[in-house]
Amino acid sequence: MLESLGASLGWAWIAAPLAALASGVFLTFRGVRSMGRGRVVAGGRGVATGLTAMGVACIAALVALNMQSYSRLTWEEPVAEVRVKQTDAAQKLYDVTLVRADGAGETHCLLQGDEWILGGRVQKWKPWANTIGMNATYDLDQMANKYADAMEANGKPITACDVSRPPNPILAKAPDSFRTWLSSISLAEDRRFGSANYMPLADGAAYEVVITQSGFNAEAANDAARAAMAARSF
C-alpha cells in the first residue's frame, strides 16, 4: 500500500508541503505586520495560524519523504519474459525464448543444462537522485546455461547467446576516454556493476525478469515454472 501511494505522489510530495510552507510564511509575515500596526489580536491570530501551517508543512514533508523513499527503494520494472521449451530431455537441451520488454524484439537461445542465466550491466544512481525519481538503468548482455551440480558441469560446453541491443549510434562513435570522463563527472551516478539472475530450465516454464534498484530479479510466471522452482528448492 505504501509503495503504490508513494508511486502515485509524483512531484506532489514536494509541491504540497512547499505550498503549505509558503502559505505559513505569508500568514506569519502578515500577522507580524498587523501587530506592528497595533492590531495585536488579529496579528497574533495570523502569526499563530502561519506558524501552525509551517509546522504542518514540515510534518507533511517528512511523511511524504518517507513514503517516497520507500516507493523508490521498492521500485521495479519489467525487463523481459523468458519462455522455455524442451527439445531433448536426454541431452538437457532447451529452446529458450527471450522477449524484451523494451520492444527490441525476441531472441531464441539453445541452452543445455539445468538452469538459464540472464546477465547484464546495471547503472545505479546516488540516493538523492534515486529519491527524486532516477531509476537504475541497464543493458542486457548474455543468456547462458548453468548446471545444478558443479561436478556435472565440468567438461560440459557453455551454451550462450548474445541478447544485447545495438549500441547507440552517437555514443558508439565517441572515444572510450570521453565516455569514461563523461561518466566520472556525473554527480548523480553511484556505481556500475554486473548483475545476473538464474532460474530452472523446465518444459513449458515461463518467467518474468525485472530490474530493481539493486539489479536483476526474476519470478515464475506460470505453474510449470513454479513447479520447477519448488522441485529444485528455489
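Numbering of the sequence shown is given in the working numbering, commencing with residue 27 and proceeding in unit increments.
No residue lacks a Cβ here, since even glycine has one placed at the ideal position from N, Cα and C.
Is the region 222 to 239 touching the region 160 to 175 in the sense that three or more CB pairs, one from each, lie closer than 8 Å?
yes
Quick check on DSSP: helix, strand or coil for P183?
coil
Please determine if the region 179 to 192 and the region 148 to 158 are in contact, where contact requires at least 3 C-beta pairs separated by less than 8 Å.
no
By a C-beta neighbour count over all protein chains shown, 10 Å radius and 16 as the cutoff for buried, is F242 buried or exposed?
buried
In whole angstroms, what is the alpha-carbon distance linking T113 and D121?
When the Cα atoms are used, T113 and D121 turn out to be separated by approximately 6 Å.
Across the region 146 to 156 and the region 125 to 133, are there enough close Cβ pairs to call them in contact, namely three or more that are closer than 8 Å?
no
Return the first residue and the last residue of the beta strand (DSSP E) that N243 is part of.
Element bounds for N243: 241 to 246.
Using 8 Å as the threshold, is the C-beta distance between L166 and L144 below it?
yes
Would you identify the three-state DSSP class for S34, choosing helix, strand or coil?
Annotation note: pLDDT 46 at S34 (below 50); position unreliable, no value reported.
Between which two residues does the alpha helix (DSSP H) carrying D249 extend?
249 to 257
Out of A48, W101, G146, G72, point me to the one whose CA is closest to R218's CA.
G146
Straight-line CA distance for D280 to L136?
Outside the displayed span of the chain (27 to 260) sits residue 280, for which this structure offers no information.
Using the Cα positions of N248 and V108, report the straight-line distance between them to the nearest angstrom.
11 Å
According to the neighbour-count rule (16 or more other Cβ atoms, all chains shown, within 10 Å of its Cβ), is M225 buried or exposed?
buried
Apart from the five residues just before and just after A246, which ones in its own chain have a Cβ nearer than 7 Å to its Cβ?
For A246, same chain residues with a beta-carbon under 7 Å away, outside a window of 5 residues either side, are Y233, R252, M255 in chain order.
Tell me the rounded alpha-carbon separation between A21 and P183.
In this structure the chain extends from 27 to 260, so residue 21 is not present and cannot be described.
Please tell me whether G139 and K111 are closer than 8 Å, where the distance is taken between their beta carbons.
no
Taking the continuous alpha helix (DSSP H) assigned at N156, which residues delimit it?
153 to 157
Please report how far the alpha carbon of L227 lies from the alpha carbon of E215, in whole angstroms.
35 Å
Roughly how many whole angstroms lie between the Cα atoms of R71 and M80?
The alpha-carbon atoms of R71 and M80 are separated by roughly 14 Å.
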